[in-house]
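Below is one structure; the comments refer to it alone.
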Amino acid sequence: MLAMTYRGPYRVRNVHKSDPQIEHPGDAIVRVMRSCICGSDLHLYHGMVPDTRIGQTFGHEFIGVIEAVGDGVQHRKVGDRVLVPFNIFCGSCYFCQRELYSNCHNTNPEATAVGGIYGYSHTTGGYDGGQAELVRVPMADVDPTLIPDDLDPDDAVLLTDALPTGYQAAEMGDIAEGDTVVVFGAGPVGIFAAKSAWLMGAGRVIVVDEVEYRLDFVRRYAQCEVVNFREVEDMALHIKKMTDWLGADVCIDAVGCDASGSFVQTLTGRALKLQAGAATALHWAINSVRKGGNVSIVGVYGPTFNAVPIGNALNKGLTLRMNQASVKRHLPRLIEHIRAGRLNPKEIITHRVPLEEVADAYHIFSSKLDNCIKTVLIPPGMRQPRPAAAAPTQLLH
Ligand SMILES: NC(=O)c1ccc[n+]([C@@H]2O[C@H](COP(=O)([O-])OP(=O)(O)OC[C@H]3O[C@@H](n4cnc5c(N)ncnc54)[C@H](O)[C@@H]3O)[C@@H](O)[C@H]2O)c1
Ligand SMILES: [Zn+2]
Ligand SMILES: [Zn+2]
0 MLAMTYRGPY RVRNVHKSDP QIEHPGDAIV RVMRSCICGS DLHLYHGMVP DTRIGQTFGH
60 EFIGVIEAVG DGVQHRKVGD RVLVPFNIFC GSCYFCQREL YSNCHNTNPE ATAVGGIYGY
120 SHTTGGYDGG QAELVRVPMA DVDPTLIPDD LDPDDAVLLT DALPTGYQAA EMGDIAEGDT
180 VVVFGAGPVG IFAAKSAWLM GAGRVIVVDE VEYRLDFVRR YAQCEVVNFR EVEDMALHIK
240 KMTDWLGADV CIDAVGCDAS GSFVQTLTGR ALKLQAGAAT ALHWAINSVR KGGNVSIVGV
300 YGPTFNAVPI GNALNKGLTL RMNQASVKRH LPRLIEHIRA GRLNPKEIIT HRVPLEEVAD
360 AYHIFSSKLD NCIKTVLIPP GMRQPRPAAA APTQLLH
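Its first residue numbered 0, the sequence shown is counted upward by one per residue in numbering that gives the first Met the number 0.
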């Protein structure tokens, strides 16, 4: 099969790999209909995540059709169209019983923190991902979710990660009616966090980024205020000025370890790797929230330490909540929101790219070129032939 593989920082390419096989009676093999590139893939692509191995196939956001199932699979069958949450989880361990699916105890032998994740580094189990024609899906009875007939596949693929993560970011902010919410990061996750904040009762939503086209998009899509941090000298002071000098009630970090905006953080976190990435947005979140406020972190940081102002968090009496999203927990409610028209996730898709052009797709998404917000990769066989000279790929569904 055709599969994207990692060759080292800033280098990915397609190779022909042998097809994945059923390795365990609970496995399924899924033929991928489409997959997305996520900001988390960029951390891998930039060489920020330890133990990212050459030859690994990325891709933790995918939907597809079940092509084979192991002997032990009871609730899924060949031909089912499924969306596959990015978390690999067993559904029955101590953590899964508490709906902490992202912290499953049985799917990642390498860590005591996060559970298994498709297409990530070996710190999350080393499973191959869905930026390929086929993917092995363990725990096929608990993880893949049937795609309802009335759900657009483009909405379905965004339910595997970006939308539930933005939603959980807002949820962990514990937003009270009328709260002012500041979201750092206007990528897909931050955009959905801003949109979700309104659903949870926010009275004001402000999104911070440096990329103008993304700020323009989120201003329209989520009807929020925006701040370009390149135009601001002191972020915490700026947010205080905007909020009667108290600070925001809730701050959300939807940026993670690839943040820009601070010379020292960028030097120590991204260039010298003396810490697990640049914690600039988290730093700003802690300093911009009011005393007694909430900071919600979904931006990803690596397993070692980061330079964050924990003393400020303590002295301000902040509540910090964070996690990888537990996707499956949010699906019923999010599907309701989509059906009711309150959320239109597919509107953030800007690029539909043949899987064969994966290297260009990563470059465009990483460098924020061509007004890129979210890229969907379409494997061969899942699209109609491209009409001559037409840019977007025509889809079968
Ligand atoms: N916790 C989870 O379950 C989970 C799931 C998906 C993604 N993530 C993480 O969420 C983050 C965002 O993902 P995405 O797909 O939206 O990524 P993205 O790369 O598309 O967006 C990140 C945005 O942050 C902006 N940015 C950089 N530095 C900033 C700063 N100091 N302040 C404000 N904005 C800044 C960038 O310009 C970019 O627009 C990533 O860290 C990703 O790994 C976490
Ligand atoms: Zn993701
Ligand atoms: Zn579990």
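Using N, Cα and C, we set each Cβ at its ideal position, and we do this for glycine too.
Is any heavy atom of ligand 2 found at a distance shorter than 7 Å from the C-beta of residue 39? yes
Residue environment, residue 14, which counts as buried when at least 16 other CB atoms sit within 10 Å: exposed
Who pairs with residue 145 in a beta bridge, going by DSSP? 81
Pairwise C-alpha distance: residue 141 and residue 96: 12 Å
Do residue 53 and residue 135 come within 8 Å of each other at the CB atom, strictly closer than that value? no
Measuring alpha carbon to alpha carbon, tell me which of 288, 330 and 18 ends up nearest residue 317. 288
Within 10 Å of its beta-carbon, does residue 303 have 16 or more other beta-carbons around it, so buried, or fewer, so exposed? exposed
Tell me which residues share the same chain as residue 17 and place their Cβ nearer than 8 Å to its Cβ, disregarding the 5 neighbours each side in the sequence. 0
Exposure label - residue 430; buried when at least 16 CB within 10 Å: Nothing about residue 430 can be reported from this structure: the residues present for the chain run from 0 to 396 only.
Could you tell me which residues DSSP pairs with residue 33 in its beta bridges? 62
Rounded separation between residue 130 and residue 5 - CA only: 11 Å
Where residue 269 sits in the DSSP three-state scheme: helix
I'd like the span of the beta strand (DSSP E) that includes residue 292, first residue to last. 288–296
C-alpha distance - residue 195 paired with residue 328, whole-angstrom precision: 15 Å
Excluding five sequence neighbours on each side, which residues of the same chain lie with their C-beta closer than 6 Å to the C-beta of residue 100? 86, 88, 325 and 327
Taking only three categories from DSSP, how would you classify residue 252? strand
Quick one: any contact between the stretch 19–27 and the stretch 164–182, if contact means 3 or more CB pairs under 8 Å? no
Entirely within the stretch 67–137 and at least 3 residues each: give me those beta strand (DSSP E) ranges in chain order. 80–83 and 133–136
Residues in its own chain within less than 6 Å of residue 200 by CB, not counting five upstream and five downstream? 174 and 176
Limits of the alpha helix (DSSP H) - the one that residue 364 falls within: 357–365
Residues in its own chain within less than 6 Å of residue 269 by CB, not counting five upstream and five downstream? 277
Please classify residue 132 as buried or exposed, where buried requires at least 16 neighbouring CB atoms within 10 angstroms. buried
For residue 390, does the count of other Cβ atoms within 10 angstroms reach 16, so buried, or fall short, so exposed? Caution is warranted here: a pLDDT of 43 is assigned to residue 390, below 50, making its placement in the model unreliable, and no coordinate value can be reported.
For the stretch 59–76 against the stretch 28–47, do three or more pairs of beta-carbon atoms, one drawn from each stretch, fall closer than 8 Å, so that the two count as touching? yes
Is the beta carbon of residue 118 closer than 8 Å to that of residue 107? no
Leaving out five residues on either side along the sequence, give the residues of the same chain with a beta carbon under 7 Å from the beta carbon of residue 283. 183, 234 and 235
Excluding the five sequence neighbours on either side, which residues of its own chain have a C-beta within less than 7 Å of the C-beta of residue 273, listed in chain order? 267
Provide the residue span of the beta strand (DSSP E) that contains residue 13, from first to last. 10–15
Within 10 angstroms of the Cβ of residue 388, are there 16 or more other Cβ atoms? Answer buried if so, exposed if not. Low local confidence applies: a pLDDT of 43 at residue 388 is under 50, so the model's placement there is unreliable, and no value is given.
In angstroms with no decimal places, state the Cα-to-Cα distance between residue 365 and residue 373. 11 Å
Taking the beta strand (DSSP E) that residue 7 belongs to, which residues open and close that run? 1–7
May I ask you to report which of helix, strand or coil DSSP gives residue 399? Summary: the structure shown does not reach residue 399, with the chain confined to residues 0 through 396, and so no result is reported for it.
What whole-angstrom Cβ distance do residue 298 and residue 319 have, given they're in contact under 8 Å? Going by Cβ atoms, the distance from residue 298 to residue 319 rounds to 13 Å, so no, they are not a contact pair.
Give the C-beta separation of residue 190 and residue 241 to the nearest angstrom, bearing in mind that I take them to be a contact with Cβ-Cβ under 8 Å. That pair is no contact at about 20 Å.
Residues in its own chain within less than 7 Å of residue 151 by CB, not counting five upstream and five downstream? 345
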